[in-house]
Amino acid sequence: MGASNENDPSRPRIVIQGVRGAFHEVAARLYFGEQTELIPALSFSELFEKASDPAVADAAIVAIENSIAGSILGNYRLLLESGLAVEGEVYLPIRQNLLALPGVTIDDLCEVHSHPMALAQCSAFFKKNPHIRLVESSDTAESAAAIAREQNRRAGAVASSLAAELYGLLVLAPSIETFPQNATRFLVVRRKSEIRPPDGADKVSITFTLQHTSGSLANVLQMLAAHGANLTKIQSVPLPERPWEYHFIVDFKADPGRMEAIISDLRVHTLALQVLGVYRGAEAAQRNSITDASAHIL
Numbered sequence: 145m146g147a148s149n150e151n152d153p154s155r156p157r158i159v160i161q162g163v164r165g166a167f168h169e170v171a172a173r174l175y176f177g178e179q180t181e182l183i184p185a186l187s188f189s190e191l192f193e194k195a196s197d198p199a200v201a202d203a204a205i206v207a208i209e210n211s212i213a214g215s216i217l218g219n220y221r222l223l224l225e226s227g228l229a230v231e232g233e234v235y236l237p238i239r240q241n242l243l244a245l246p247g248v249t250i251d252d253l254c255e256v257h258s259h260p261m262a263l264a265q266c267s268a269f270f271k272k273n274p275h276i277r278l279v280e281s282s283d284t285a286e287s288a289a290a291i292a293r294e295q296n297r298r299a300g301a302v303a304s305s306l307a308a309e310l311y312g313l314l315v316l317a318p319s320i321e322t323f324p325q326n327a328t329r330f331l332v333v334r335r336k337s338e339i340r341p342p343d344g345a346d347k348v349s350i351t352f353t354l355q356h357t358s359g360s361l362a363n364v365l366q367m368l369a370a371h372g373a374n375l376t377k378i379q380s381v382p383l384p385e386r387p388w389e390y391h392f393i394v395d396f397k398a399d400p401g402r403m404e405a406i407i408s409d410l411r412v413h414t415l416a417l418q419v420l421g422v423y424r425g426a427e428a429a430q431r432n433s434i435t436d437a438s439a440h441i442l
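Residue numbers for the sequence shown follow our numbering, beginning at 145 and rising by one.
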């Protein structure tokens with residue numbers, strides 16, 4: 145499927161986790177445009193595998209953290225193992241909707257299917273509807289597709305309104321997420337040899353280890369502050385081969401003209417530093433425009 149578009153930059157081949165109607169699709173189209181050719185992956189490990197193969201895909205978009213649920217640590221591990229690099233980011237407001245077949249009411253439902261994170265994001269709604277049994281699945285959109293495919297009138301799904309449109313389902317209850325500010329950050333990843341940092345790249349994602357000594361992390365943070373860098377994320381990830389030791393994933397923003405000097409100083413203060421990507425960060429204004437642009441497809 146992907147090979148036919150290998151040399152057509154106007155129709156990039158982008159791997160997403162899930163099937164049509166998944167939030168990954170919404171994020172991919174916001175970043176790459178409506179002409180994007182979507183390549184589904186049933187798991188995140190499959191996503192990284194496909195994105196690494198130039199015969200299959202040009203890039204991938206992958207959820208990395210949620211404003212409510214936090215970081216998706218498994219995807220950080222897959223990113224590090226894949227050798228892919230970060231090209232950009234998308235912040236997507238997540239509007240979870242209760243979907244069912246036309247003519248079905250909430251009282252008719254015995255169970256609701258969706259990804260466990262989506263179900264957790266709607267916990268307050270389901271506490272008010274205790275007759276509904278929650279069933280975890282691998283993907284929000286696939287849950288919607290299965291209901292349409294099986295014509296199951298006793299089950300609903302939590303998914304995007306795009307999934308409702310694609311699979312002919314009714315939105316029984318819109319925006320049932322507990323926290324309306326619910327949003328997910330996606331990373332755009334691509335093979336390192338094909339990435340050229342854009343002009344004005346003001347954000348960096350790095351990973352590093354430190355000597356297991358007092359003050360080692362504080363020294364790194366103080367050095368970033370001295371350079372005027374704005375730390376936007378720090379995440380510790382366990383080292384499987386060294387129990388109770390960690391490597392750190394850090395995102396920071398800084399003046400583009402100072403990036404090389406900052407990274408050079410970081411190498412002095414850390415062990416095994418790896419740059420995951422240098423890219424333009426999504427500003428608050430960009431996030432607002434994404435919210436507006438996505439309103440008709442969420």
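Every residue gets a Cβ at the ideal spot worked out from N, C-alpha and C, and that includes glycine.
On a predicted model such as this, the values are computed, not experimentally measured, just so you know.
Could you tell me which of Ile320, Leu223, Val230 sits nearest to Ala264, measuring between CA atoms? Ile320
Within the segment 211–273, note down every full beta strand (DSSP E) run reaching 3 residues or more, in order along the chain. 228–237, 241–244, 255–258
If you draw a straight line from the alpha carbon of Leu191 to that of Cys266, how long is it in whole angstroms? 26 Å
Between Glu255 and the rest of its own chain, which residues show a CB-CB distance below 8 Å, the 5 nearest in sequence each way excluded? Ile276, Arg277, Leu278, Val279, Arg298, Ala299, Gly300
In three-state DSSP terms, what is Glu181? strand
Pick helix, strand or coil for His391, following the three-state DSSP scheme. strand
Based on Cα-Cα distance, which residue from Tyr175, Val412, Ser258 lies nearest to Asn241? Ser258
Here's the rule I'm using: 16 or more other beta-carbon atoms within 10 Å means buried, otherwise exposed. How should Ala401 be labelled? The question names Ala, yet the displayed sequence has Gly at residue 401. Exposed.
At the level of alpha carbons, what is the spacing between Glu225 and Ile250? 44 Å
Ile434, buried or exposed, once every other Cβ within 10 Å from all chains shown has been counted against 16: For Ile434, the pLDDT reaches just 45, beneath the cut-off of 50, and the residue's location in the model is therefore unreliable, although a value from the coordinates is still provided. So Ile434 ends up on the buried side.
Tell me, to the nearest whole angstrom, how far the beta carbon of Glu181 is from that of Arg155; I am working on the premise that it is less than 8 Å. 5 Å
Spatial neighbours of Ala172 in its chain, beta-carbon cut-off 6 Å, leaving aside the 5 residues before and after: Ile158, Ile160, Thr180, Ile205
The beta strand (DSSP E) enclosing Ala327, as first and last residue numbers: 327–335
Could you pull out every residue in the same chain whose Cβ sits closer than 8 Å to the Cβ of Val315, ignoring the five residues on either side in sequence? Asn241, Leu242, Leu243, Ser305, Ala308
Once the 5 residues before and after Ala405 are set aside, which same chain residues still bring their CB inside 8 Å of it? His371
Residue range of the beta strand (DSSP E) that Asn363 falls in? Asn363 -> not in any beta strand (DSSP E); alpha helix (DSSP H) instead, spanning 360–370.
Residues in the same chain with beta-carbon distance under 6 Å from Ala426, minus the five sequence neighbours each way, listed in chain order, please. Glu233, Tyr235
For Asn432, is the classification buried or exposed, using 16 other Cβ atoms within 10 angstroms of its Cβ as the cut-off for buried? Unreliable positioning characterises Asn432 in this predicted model, as indicated by a pLDDT of 48, which lies under 50. A coordinate reading is not provided.
According to DSSP, simplified to helix, strand and coil, what is Asp375? Looking at the sequence provided, one finds Leu at residue 375 rather than Asp. Residue state, collapsed to three classes: strand.
Determine the burial state of His356: buried for a count of at least 16 other Cβ atoms within 10 Å of its Cβ, exposed for fewer. exposed
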